[in-house]
Amino acid sequence: MLARFRRWLLSGMAAGALALPLLGQGPEVTAFAGRVRDEQGQPLVGATVMFRGLDFDVNRQTQTDKDGRFYYGGFRVGRYQVSVLRGGEVLWSFAVSVPPFREVTELEIDLKKLREAAEQMTRLDPELERQRQEELERRQHEDNLKAHLNRGSRHLNQGRPEEAVAEFQAALALEPKRGATHGLLAAAVAAAGRDDEAIEHYRRALEVEPQEAAHHNNLGTVLARQGKLEEALSHFEKAAQLDPERASTYQFNRGAALLNAGRPAEALPVLRQATRTDPTLAVAHYFLGLALVRSTPRLSGAPAAERVEPPPGAVEAFQHYLQLAPEGEYAPPARDYLKRLGALPPESVLPTIPLPEIRP
Numbered sequence: 018m019l020a021r022f023r024r025w026l027l028s029g030m031a032a033g034a035l036a037l038p039l040l041g042q043g044p045e046v047t048a049f050a051g052r053v054r055d056e057q058g059q060p061l062v063g064a065t066v067m068f069r070g071l072d073f074d075v076n077r078q079t080q081t082d083k084d085g086r087f088y089y090g091g092f093r094v095g096r097y098q099v100s101v102l103r104g105g106e107v108l109w110s111f112a113v114s115v116p117p118f119r120e121v122t123e124l125e126i127d128l129k130k131l132r133e134a135a136e137q138m139t140r141l142d143p144e145l146e147r148q149r150q151e152e153l154e155r156r157q158h159e160d161n162l163k164a165h166l167n168r169g170s171r172h173l174n175q176g177r178p179e180e181a182v183a184e185f186q187a188a189l190a191l192e193p194k195r196g197a198t199h200g201l202l203a204a205a206v207a208a209a210g211r212d213d214e215a216i217e218h219y220r221r222a223l224e225v226e227p228q229e230a231a232h233h234n235n236l237g238t239v240l241a242r243q244g245k246l247e248e249a250l251s252h253f254e255k256a257a258q259l260d261p262e263r264a265s266t267y268q269f270n271r272g273a274a275l276l277n278a279g280r281p282a283e284a285l286p287v288l289r290q291a292t293r294t295d296p297t298l299a300v301a302h303y304f305l306g307l308a309l310v311r312s313t314p315r316l317s318g319a320p321a322a323e324r325v326e327p328p329p330g331a332v333e334a335f336q337h338y339l340q341l342a343p344e345g346e347y348a349p350p351a352r353d354y355l356k357r358l359g360a361l362p363p364e365s366v367l368p369t370i371p372l373p374e375i376r377p
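The sequence shown begins at 18 in this note's numbering and counts up one residue at a time.
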């Protein structure tokens, strides 16, 4: 019965929950404080209280203490969706409007009283109950989906890919045709070293969102890692067409993939285009210099470590990189190339160029 009636009685149950806004200006920040009681009227310990902004992008959460109380400050004045969760299940959810001049919004959330009031309203107006129940289920679905996505993203960002996979799979169970979730799951399984699964989910993401440049770029990254170069190159090119503002990044990825495949001459025009599209993309300048070095034939019969003439433009490319990123990841090898004045290092120390990390 509790699952049927949760969350929809919004007025009168939470102190100050639906106050009308006042005219004038009040404090720019406010706080939420209150207590949660369970179906037996006892403090609900360890419950998650989630605050989602309805007027701006805010997602925060806190836990109830041993007395069922919670406090969270630093909120802007506006409207919020407040949800109570336990074990990943949404117990109740309601809208709260915080007006100016209110420093603290007190919320007394008594699940038993809310359920009883919901049952009373059902007897009075079955159609109203049906509409509110539909809204309750919609919000519960949305809150559960967002909770899985938030937890999965946190696991992925903190280096726990397997935990992220479980959360994103749970999110997909709620919305199987959500392209962005397929993309997140693909990033997680790729981080766990399962490239075949990542490719499958990136392809599913593109079935739903064929115009999303990030899916093309990330699929290209995994394909290049598997040696499927031609298909990877086509996805990098498509990403650049779809997202001109980030075209330099996708062009660089295409050039890096060609260079890793031992095709420096083909990488050169692509990397040059990346540096022209965004002259501040430091890494593209370094790899342009590296492509110039690798595309220059060794002197006939010369030992591998012997100096060669500096390829035109290579010194300038390495210098440009160091100007933009003097402490960057590739600063030491860039300085080494400059010291050699264009001499190729032995093949054994030629670096393999990693493609950028997949971005969720």
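Backbone N, C-alpha and C fix where the C-beta goes; we use that ideal spot for every residue, glycine too.
If you're wondering where the values come from, they're calculated on a predicted model, not measured in any experiment.
Taking DSSP's pairing of strands, which residues face Ser110 in a bridge?
Within the sequence shown, residue 110 is the residue found at index 93, counting from 1. Looking at the DSSP assignment, Ser110 forms a beta bridge with Ser100.
Cutting at 8 Å between CB atoms, please list the residues of its own chain near Thr297, excluding the five before and the five after it.
Translated into the one-based positions of the sequence shown, residue 297 becomes position 280. Here the set comprises Leu341.
Between the segment 120–130 and the segment 69–78, are three or more C-beta pairs nearer than 8 Å?
Short answer: they don't touch.
Return the first residue and the last residue of the alpha helix (DSSP H) that Val62 is part of.
Here residue 62 refers to the residue found at position 45 of the sequence shown. From DSSP, Val62 is part of no alpha helix (DSSP H); its letter is neither H nor E.
Taking the C-alpha atoms as reference points, what is the distance between Arg69 and Ala284?
On the sequence shown, residue 69 is found 52 positions in, with the first residue counted as 1. On the sequence shown, residue 284 is found 267 positions in, with the first residue counted as 1. The alpha-carbon atoms of Arg69 and Ala284 are separated by roughly 46 Å.
If you reduce the DSSP assignment to three classes, tell me which class Ala342 lands in.
Taking the first residue of the sequence shown as 1, we reach residue 342 at position 325. In this structure, Ala342 counts as coil in the three-state DSSP scheme.
Cβ-heavy atom distance, Leu102 to the ligand ZN, below 6 Å:
By its list of ligands, the structure shown contains no ligand whatsoever, and the ligand ZN lies outside what it can speak to.
For Arg280, three-class secondary structure by DSSP:
What you label residue 280 is simply residue 263 of the sequence shown in a count that begins at 1. Coil at Arg280, not helix or strand.
Can you tell me the Cα-Cα spacing of Glu254 and Leu236, whole angstroms?
Walking along the sequence shown from the start, residue 254 turns up at place 237. Walking along the sequence shown from the start, residue 236 turns up at place 219. Each residue's Cα considered, the two are about 12 Å apart.
Distance check for Ala190 and Arg168, CA to CA, integer angstroms please.
As a first step, residue 168 must be located in the sequence shown, where it is residue number 151. As a first step, residue 190 must be located in the sequence shown, where it is residue number 173. Within the model, the alpha-carbon separation for Arg168 versus Ala190 is close to 15 Å.
First and last residue of the uninterrupted beta strand (DSSP E) at Val46
Within the sequence shown, the letter at position 29 stands for residue 46. Taken as a continuous stretch (DSSP letters only), the beta strand (DSSP E) holding Val46 covers Val46 to Arg54.
Span of the beta strand (DSSP E) around Val239
Translated into the one-based positions of the sequence shown, residue 239 becomes position 222. It is not in any beta strand (DSSP E) - Val239 instead sits in the alpha helix (DSSP H) that spans Ala230 to Arg242.
Express the C-alpha separation of Pro227 and Tyr338 in angstroms, rounding to a whole number.
As a working mapping, residue 338 is identified with position 321 in the sequence shown. As a working mapping, residue 227 is identified with position 210 in the sequence shown. Between Tyr338 and Pro227, the C-alpha separation is close to 34 Å.
So the beta strand (DSSP E) Thr198 belongs to, where does it begin and stop?
Counting from 1 along the sequence shown, the entry for residue 198 is found at position 181. In the DSSP annotation of this structure, Thr198 is not part of any beta strand (DSSP E); the continuous alpha helix (DSSP H) holding it starts and ends at Gly196 to Ala208.
Residue nearest to Asp82 in terms of C-alpha spacing, selected from Val94, Arg93 and Ala64:
Within the sequence shown, the letter at position 65 stands for residue 82. Nearest option by C-alpha distance: Ala64.
So, at 6 Å on beta carbons, what are the nonlocal neighbours of Arg96 in its own chain, with the 5 sequence-adjacent residues on each side left out?
Start at 1 with the first residue of the sequence shown, and residue 96 comes out as number 79. Closer than 6 Å at Cβ, skipping near neighbours: Leu71, Asp72 and Ser114.
What residue range is occupied by the uninterrupted alpha helix (DSSP H) comprising Gln150?
Along the sequence shown, read from residue 1 onward, the residue named residue 150 stands at position 133. Counting along the chain, the alpha helix (DSSP H) containing Gln150 begins and ends at Pro143 to Asn174.
Cβ-based neighbour list, Gln268, same chain, cut-off 7 Å, excluding 5 preceding and 5 following:
Taking the sequence shown and counting its residues from 1, one reaches residue 268 at position 251. Counting only Cβ-Cβ distances below 7 Å, and skipping sequence neighbours, we find Ala257, Val287, Gln290, Ala291 and Thr294.
Reducing DSSP to helix, strand and coil, say where Asp127 ends up.
Position 110 of the sequence shown, counted from the first residue, corresponds to residue 127. Residue state, collapsed to three classes: strand.
Between Asn234, Arg86, Gly90 and Leu201, which lies nearest to Pro218 when the distance is taken from Cα to Cα?
Residue 218 sits at position 201 when you count from the first residue of the sequence shown. In the sequence as presented, Pro is not what sits at residue 218; that position holds His. With distances taken between Cα atoms, His218 lies closest to Leu201.
Does DSSP classify Thr122 as helix, strand or coil?
As a first step, residue 122 is located in the sequence shown; it is residue number 105 there, counting from the start. In the structure shown, Thr122 adopts extended strand secondary structure according to DSSP, grouped into three states.
Following the continuous alpha helix (DSSP H) through Arg357, name the residue where it begins and the one where it ends.
Within the sequence shown, residue 357 is the residue found at index 340, counting from 1. Residues Ala348 to Arg357.
Determine the burial state of Leu275: buried for a count of at least 16 other Cβ atoms within 10 Å of its Cβ, exposed for fewer.
Here residue 275 is taken as the residue at index 258 of the sequence shown, counted from 1. The C-beta of Leu275 has 16 or more other C-beta atoms within 10 Å across all chains shown, which makes the residue buried.
Who are the near neighbours of Pro60 in its chain, counting only those whose CB is closer than 8 Å to its CB and skipping five residues on each side?
Here residue 60 is taken as the residue at index 43 of the sequence shown, counted from 1. Cβ neighbours of Pro60 beyond the five flanking positions: Arg52, Val53, Arg54, Thr81, Lys83, Asp84, Gly85 and Arg86.
According to DSSP, residues forming a beta bridge with Thr378:
Lying before the first or after the last residue shown, residue 378 is absent from the chain, which here runs from 18 to 377.
Report back the beta-carbon spacing between Leu158 and Ala188 to the nearest angstrom; my notes put them in contact at under 8 Å.
Within the sequence shown, numbered from 1, the residue matching residue 158 stands at position 141. Within the sequence shown, numbered from 1, the residue matching residue 188 stands at position 171. The sequence shown places His at residue 158, rather than the Leu named in the question. Actually they are not in contact, since the Cβ atoms of His158 and Ala188 sit about 11 Å apart, beyond 8 Å.
Run through DSSP, which three-state label would Val115 get?
Taking the first residue of the sequence shown as 1, we reach residue 115 at position 98. In the three-state reduction of the DSSP assignment, Val115 falls in the strand class.
Can you name, in chain order, every residue of its own chain whose Cβ lies under 7 Å from the Cβ of Ala209, other than the five neighbours on each side?
Looking up residue 209 in the sequence shown gives position 192. Within the same chain, Cβ atoms closer than 7 Å to the Cβ of Ala209 are found at Pro178, Glu179 and Val182, the five residues on either side in sequence being excluded.
Is DSSP giving Gly95 helix, strand or coil here?
Numbered from 1 along the sequence shown, position 78 holds the residue referred to as residue 95. It is a strand residue.
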